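In my numbering, the protein residues as written are 62 to 273.
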Amino acid sequence: MRIIREYIKYSLTFLFTTLIVMGTVVIVSIEQTENIAFNQILSNLSAVGGFLSGVGTIIVTVIAMMGLNTWSKQLKNGKFLTAIWEAKVLISKFDNEFYSWHAFLKSGIEELREQSIKSESEIHFCINKLDDLSHQLDALSSRNKEKWQCNVRGLRMLFNDHKQYIISTDFSSLDVDSHASETKRVLQLFENKKVYIDKLQCELDDLERQWN
Numbered sequence: 062m063r064i065i066r067e068y069i070k071y072s073l074t075f076l077f078t079t080l081i082v083m084g085t086v087v088i089v090s091i092e093q094t095e096n097i098a099f100n101q102i103l104s105n106l107s108a109v110g111g112f113l114s115g116v117g118t119i120i121v122t123v124i125a126m127m128g129l130n131t132w133s134k135q136l137k138n139g140k141f142l143t144a145i146w147e148a149k150v151l152i153s154k155f156d157n158e159f160y161s162w163h164a165f166l167k168s169g170i171e172e173l174r175e176q177s178i179k180s181e182s183e184i185h186f187c188i189n190k191l192d193d194l195s196h197q198l199d200a201l202s203s204r205n206k207e208k209w210q211c212n213v214r215g216l217r218m219l220f221n222d223h224k225q226y227i228i229s230t231d232f233s234s235l236d237v238d239s240h241a242s243e244t245k246r247v248l249q250l251f252e253n254k255k256v257y258i259d260k261l262q263c264e265l266d267d268l269e270r271q272w273n
């Protein structure tokens with residue numbers, strides 16, 4: 062779309078310049094050469110037109126080269142951006158499914174527990190897909206070549222630690238003080254997850270700017 066706008070802009074500029082130059086030539090020719098035959102004026106216009114045609118060809122060639130370079134860059138970087146965007150979607154999906162999994166994990170309603178199981182399955186799917194993408198993301202990064210492999214391992218550990226804690230803690234048997242203490246711990250686990258997810262999203266934003 063940008064190339065089309067550039068093409069229209071340069072084409073209109075060239076056309077406008079051509080009309081001005083040719084109009085000037087006509088006026089000067091009429092004023093200064095009253096006794097020159099009309100075909101001589103046409104000859105002058107033809108010469109000017111040939112020159113402007115050459116200039117126009119150069120402009121069109123430059124625009125075409127700009128468009129080719131932009132297209133080549135987009136073709137090269139497009140697959141990289143696709144991997145980055147896919148990782149963004151997977152992290153967002155992981156975050157959403159995490160809340161659903163946690164909320165219904167110990168529900169007394171069978172349908173809700175099934176929803177928790179489904180969410181956990183989606184969580185593992187997201188982590189596995191991110192693991193597949195991590196090698197490509199590391200290849201795109203100019204810094205630590207194993208950064209995203211470590212990021213995905215950290216995401217997996219975060220979920221496993223949270224799951225282990227929730228399963229091993231019987232909140233229904235706790236007294237008021239203990240329940241309040243464990244609730245604070247759960248909130249802290251969620252805060253840790255949020256910080257980690259935000260960090261990963263920021264890293265992907267930086268990577269996207271690098272290749273956009």
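We treat Cβ as the ideally placed atom computed from N, Cα and C, and that holds for glycine. Computed from a prediction, not measured in an experiment: that's the story for all the values here.
| message | In whole angstroms, give me the CA-to-CA distance for residue 218 and residue 273. | response | As a first step, residue 218 is located in the sequence shown; it is residue number 157 there, counting from the start. As a first step, residue 273 is located in the sequence shown; it is residue number 212 there, counting from the start. Note on geometry: alpha-carbon atoms of residue 218 and residue 273 lie some 31 Å from one another.
| said: To the nearest angstrom, how far is the alpha carbon of residue 245 from that of residue 234? | reply: Along the sequence shown, read from residue 1 onward, the residue named residue 245 stands at position 184. Along the sequence shown, read from residue 1 onward, the residue named residue 234 stands at position 173. When rounded, the distance between both Cα atoms is 17 Å.
| said: To the nearest angstrom, how far is the alpha carbon of residue 184 from that of residue 143? | reply: Stepping through the sequence shown from its first residue, residue 184 is reached at position 123. Stepping through the sequence shown from its first residue, residue 143 is reached at position 82. Residue 184 and residue 143: Cα-Cα distance of roughly 21 Å.
| Counted within 10 angstroms of its Cβ, other Cβ atoms place residue 231 as buried (16 or more) or exposed | For the purposes of this step, residue 231 is taken as residue 170 along the sequence shown, with counting starting at 1. So residue 231 counts as exposed.
| request: On a CA-only basis, which of 175, 150, 145 is nearest residue 161? Give me that one, please. | output: Here the question's residue 161 lines up with position 100 in the sequence shown. Comparing alpha-carbon positions, the option among 175, 150, 145 lying closest to residue 161 turns out to be 175.
| query | Under the three-state reduction of DSSP, which class applies to residue 167: helix, strand or coil? | reply | Taking the first residue of the sequence shown as 1, we reach residue 167 at position 106. In the displayed model, residue 167 falls within coil according to three-state DSSP, outside both helix and strand.
| field | Local conformation of residue 143 per DSSP, three classes | value | Residue mapping note: residue 143 aligns to position 82 of the sequence shown, counting from 1. Reduced to three states, the DSSP call for residue 143 is helix.
| task | Give me the Cα-Cα distance between residue 270 and residue 147, rounded to the nearest whole angstrom. | result | Working through the sequence shown from its first residue, we reach residue 270 at position 209. Working through the sequence shown from its first residue, we reach residue 147 at position 86. Those two C-alpha atoms are separated by around 15 Å.
| So, helix, strand or coil for residue 132, using DSSP? | Taking the sequence shown and counting its residues from 1, the one referred to as residue 132 is at position 71. The predicted model places residue 132 with a pLDDT of 45, which falls under 50 and marks its position as unreliable, so this point remains unresolved.
| field | Counted within 10 angstroms of its Cβ, other Cβ atoms place residue 248 as buried (16 or more) or exposed | value | Within the sequence shown, residue 248 is the residue found at index 187, counting from 1. Counting of Cβ neighbours within 10 angstroms places residue 248 among the exposed residues, the total staying below 16.
| query | If you drop the 5 nearest sequence neighbours on each side, which residues of the same chain put their C-beta closer than 7 Å to that of residue 192? | reply | Position 131 of the sequence shown, counted from the start, is the residue given in the question as residue 192. Contacts found: 213.
| query | Taking C-alpha atoms, which residue in 156, 199, 229, 141 lies nearest to residue 186? | reply | Here residue 186 is taken as the residue at index 125 of the sequence shown, counted from 1. If we check each option's Cα against that of residue 186, 156 comes out closest.
| field | Exposure label - residue 181; buried when at least 16 CB within 10 Å | value | If you number the sequence shown from 1, residue 181 lands on position 120. Under a 10 Å Cβ-count criterion, residue 181 is classified as buried, with 16 or more other Cβ atoms of the shown protein chains found around its own Cβ.
| request: Would you mind sorting residue 239 into buried or exposed? The rule is 16 or more other CB atoms within 10 Å of its CB. | output: On the sequence shown, residue 239 is found 178 positions in, with the first residue counted as 1. Note on residue 239: under 16 other CB atoms within 10 angstroms of its CB, so exposed under the neighbour-count rule.
| query | Whose C-beta lies closer than 7 Å to the C-beta of residue 261 among residues of the same chain, with five residues either side of it excluded? | reply | Counted from its first residue, the sequence shown places residue 261 at position 200. Around residue 261: 152, 212.
| Can you name the start and end residues of the alpha helix (DSSP H) that residue 230 belongs to? | Translated into the one-based positions of the sequence shown, residue 230 becomes position 169. No alpha helix (DSSP H) contains residue 230, which DSSP labels as neither H nor E.
| query | Between 221, 229, 198, which lies nearest to residue 267 when the distance is taken from Cα to Cα? | reply | Position 206 of the sequence shown, counted from the start, is the residue given in the question as residue 267. The alpha carbon of residue 267 has as its nearest neighbour, out of 221, 229, 198, the alpha carbon of 198.
| request: Just confirm the distance between the C-beta atoms of residue 255 and residue 159, as a whole number of angstroms; I'd bet it's less than 8 Å. | output: The residue given as residue 255 occupies position 194 in the sequence shown. The residue given as residue 159 occupies position 98 in the sequence shown. Contact between residue 255 and residue 159 fails: their C-beta atoms lie close to 10 Å from each other, not under 8 Å.
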